[in-house]
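Novice: Residue 1 is where the sequence shown starts when you use the UniProt record's numbering, and the numbers rise one by one after that. Every residue, glycine too, gets a C-beta built ideally from N, C-alpha and C. First, the structure itself, so that you have it in front of you.
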Amino acid sequence: MSIDDDVALLERVPTLRLLGTAALRMLAIGSEQRDFSPGDYLFNAGDNADAGYIVQRGSFRVEDGGAEVVAGPGALIGELALIVAMKRPSSAVALEHSSVIRVARSLFQRVLESDPAAARRLRDELATRTSQLASDILMAGAKLNI
């Protein structure tokens, strides 16, 4: 894939779209593509999380204990790892021949430092999501106490 193809793929990811085309181009240039065969692990629960992955083609099963989600093209796997150092809470395994764009946290942070407006847009989105999640938790708790 070309850099322009990678930028187009990154623009499909809602969180990354907020950064704008210039920031996405820097991410596309600095990231790397990785290919996986069926059954290959993208990462395992407990691994150090130092990158997020955007699925280019194929699909991955992301398993967290009993819950699982299938992530296909355009999905961002490991989003939180772009922002904070942590251990992976889940595992991700390729369901078919697949490829991803690996965005290292260090690259993501450099892009945000070089584009303060993009960083503010991302901060505002994360604040909105956190507020909505807190509200959802309170509402669910209230329903359980009925």
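Just how far apart, CA to CA, sit R12 and E63?
Specialist: Translated into positions along the sequence shown, residue 12 becomes position 12. Translated into positions along the sequence shown, residue 63 becomes position 63. Here the alpha carbons of E63 and R12 stand approximately 23 Å from one another.
Novice: Within 10 Å of its beta-carbon, does A134 have 16 or more other beta-carbons around it, so buried, or fewer, so exposed?
Specialist: The residue labelled residue 134 in the question sits at position 134 within the sequence shown. Result: exposed.
Novice: Taking only three categories from DSSP, how would you classify G42?
Specialist: The residue you call residue 42 lines up with position 42 of the sequence shown. The question names Gly, but residue 42 in the sequence shown is Leu. Here L42 sits in strand by DSSP.
Novice: Across the region 45-63 and the region 81-92, are there enough close Cβ pairs to call them in contact, namely three or more that are closer than 8 Å?
Specialist: yes
Novice: Hey, out of V7, P14 and A104, whose CA is closest to E125's CA?
Specialist: Mapped onto the sequence shown, residue 125 falls at position 125. That would be P14, whose Cα lies nearest to the Cα of E125.
Novice: By the three-class DSSP mapping on this structure, what secondary structure does V84 have?
Specialist: Residue mapping note: residue 84 aligns to position 84 of the sequence shown, counting from 1. Residue state, collapsed to three classes: coil.
Novice: Using the DSSP secondary-structure output, state which residues sit across from I77 in a beta bridge.
Specialist: Looking up residue 77 in the sequence shown gives position 77. Answer by DSSP bridge pairing, in chain order: Y53.
Novice: Does DSSP put D115 in a helix, in a strand, or in coil?
Specialist: As a first step, residue 115 is located in the sequence shown; it is residue number 115 there, counting from the start. D115 falls in the coil class under three-state DSSP.
Novice: Using the rule of at least 16 other Cβ atoms within 10 Å of the residue's Cβ for burial, across every protein chain shown, is Y41 buried or exposed?
Specialist: Here residue 41 is taken as the residue at index 41 of the sequence shown, counted from 1. Under this definition Y41 is an exposed residue.
Novice: So, using beta-carbon positions, are V100 and R34 closer together than 9 Å?
Specialist: By one-based count along the sequence shown, residue 100 stands at place 100. By one-based count along the sequence shown, residue 34 stands at place 34. With respect to the 9 Å criterion, V100 and R34 are classified as neighbours on the basis of their beta carbons.
Novice: According to DSSP, is R12 part of a helix, a strand, or is it coil?
Specialist: By 1-based counting over the sequence shown, the position of residue 12 is 12. Looking at R12 - three-state DSSP - the assignment turns out to be coil, as it is neither helix nor strand.
Novice: Relative to the C-alpha of A28, which residue among L19, D4 and F43 is closest?
Specialist: Counting from 1 along the sequence shown, the entry for residue 28 is found at position 28. Ranking L19, D4 and F43 by Cα distance to A28 puts D4 first.
Novice: Please tell me whether R61 has its Cβ less than 9 Å away from any Cβ of chain C.
Specialist: This model lacks chain C altogether, as it is built from one protein chain only.
Novice: For D6, does the count of other Cβ atoms within 10 angstroms reach 16, so buried, or fall short, so exposed?
Specialist: Here residue 6 is taken as the residue at index 6 of the sequence shown, counted from 1. When all chains shown are included, D6 counts as buried.
Novice: Less than 8 Å between C-beta atoms, sequence neighbours within five positions excluded: which residues of the same chain meet that for V70?
Specialist: The residue you call residue 70 lines up with position 70 of the sequence shown. Excluding sequence neighbours, V70 sits near S59, F60, R61, V62 and L95.
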